[in-house]
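**Q** Mind having a look at this structure? Questions to follow.
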Amino acid sequence: MIGLLKNNFYGAIGSAFFIFAVFVTAGLALLITGNPSLLNLLVILSGTAFSFNAIAGFRKEAATKWNKYELTMPVRRKDIVKSRYIGHVSWIIVGIVLAAVFVGFTLLVHGDRYFYHVVRDPLTLFCLSVGIALLLGALYYPAIYLFGADKSEVLIITGLLGAVGIAFGIIWLINAGNDFQSLADPEYYLFISVFMGIIVSLFALSYLLTIFVFNKKEY
1 MIGLLKNNFY GAIGSAFFIF AVFVTAGLAL LITGNPSLLN LLVILSGTAF SFNAIAGFRK
61 EAATKWNKYE LTMPVRRKDI VKSRYIGHVS WIIVGIVLAA VFVGFTLLVH GDRYFYHVVR
121 DPLTLFCLSV GIALLLGALY YPAIYLFGAD KSEVLIITGL LGAVGIAFGI IWLINAGNDF
181 QSLADPEYYL FISVFMGIIV SLFALSYLLT IFVFNKKEY
């Protein structure tokens, strides 16, 4: 498993440098300007942008036929899939931590003029970012094993659109259940817990589905 994780990391590190450079540039621009729209955009895109590293690594491995070579190694297909999902979550964490650092320094420099609710508003942004990033992986991995790496570009686009649609669909349904009324703190935290619970459950189900698809796949 450690070897698989290292290989996934090395496969993704090339694109990670580019995304990191863009992200740091945007973060420094945020520190200088204090632009609220840039802050919101930076947070929302943080998880998804870095999760693309895991996907990019998968594409590179397919291009070099590594994904077929690893099947000859003494590892279970379940472990190969597990390493993909662990890598995906790890890159999301990297993006979220970086975004949190830049948001924290921005608040120190420019003051707390960005959030009406000091805790609730940033928590909503970060949860939405994590949710979309997890859903992207949940849709992409079973599909890429089912349809093949040559469909990667199409699956990335459809996965991202699907992730955004599902995330906002869940939010709409939860709000509809509350008659679209404003939420008190207890209701809000319940809302966030339900939202993240659904997202994590879908990600876990996707993991099981990907194992099933991969075990049935013949190369």
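In the UniProt record's numbering, the protein residues as written are 1 to 219.
Don't be surprised by glycine CBs; every beta carbon is placed ideally from N, CA and C.
Spell out a yes or no on whether the segment 38 to 53 and the segment 121 to 135 are touching, meaning 3 or more CB-CB pairs, one atom from each, closer than 8 Å.
**A** Segments in contact, yes.
**Q** On the criterion of 16 or more Cβ atoms from any shown chain inside 10 Å, does isoleucine 211 qualify as buried, or is it exposed?
**A** Buried.
**Q** Within 10 angstroms of the Cβ of asparagine 215, are there 16 or more other Cβ atoms? Answer buried if so, exposed if not.
**A** When all chains shown are included, asparagine 215 counts as exposed.
**Q** So, helix, strand or coil for lysine 217, using DSSP?
**A** Coil, per DSSP.
**Q** Counting only the same chain and skipping the five closest in sequence on each side, list residues whose C-beta sits under 7 Å from that of phenylalanine 191.
**A** So the qualifying residues of the chain are Ile174, Leu183.
**Q** Could you check whether the segment 99 to 109 touches the segment 19 to 38, counting it as contact only if at least three pairs of C-beta atoms, one from each stretch, sit closer than 8 Å?
**A** Touching, yes, given that three or more Cβ pairs across the two stretches are closer than 8 Å.
**Q** Could you compute how far the alpha carbon of serine 51 sits from the alpha carbon of leucine 155?
**A** If you take the alpha carbons of serine 51 and leucine 155, they lie about 14 Å apart.
**Q** Going by the CB atoms, is the gap between tyrosine 140 and lysine 217 shorter than 8 Å?
**A** In this structure, tyrosine 140 does not lie closer than 8 Å to lysine 217 by Cβ.
**Q** Mind checking which residues open and close the alpha helix (DSSP H) that includes lysine 82?
**A** That run of the alpha helix (DSSP H) goes 77 to 110.
**Q** What I want to know is whether the C-beta of proline 142 ends up closer than 7 Å to one or more non-hydrogen atoms of the ligand MN.
**A** Absence of the ligand MN is noted for the structure shown, with no ligands found whatsoever.
**Q** Could you round the C-beta distance between serine 15 and asparagine 53 to whole angstroms and report it? I think they count as a contact, below 8 Å.
**A** With 8 Å as the limit, serine 15 and asparagine 53 qualify as a contact, their Cβ atoms being about 5 Å apart.
**Q** I need the straight-line Cα distance from valine 97 to tyrosine 85, nearest angstrom please.
**A** Using only the alpha carbons, I get a separation of about 18 Å.
**Q** Give me the residue from Leu108, Gly137, Ile171 with the minimum Cα distance to lysine 82.
**A** Considering only alpha carbons, the answer is Gly137.
**Q** If you compare alpha carbons, which of Phe126, Trp172, Asn178, Val89 is closest to isoleucine 55?
**A** The shortest C-alpha separation from isoleucine 55 is found at Val89.
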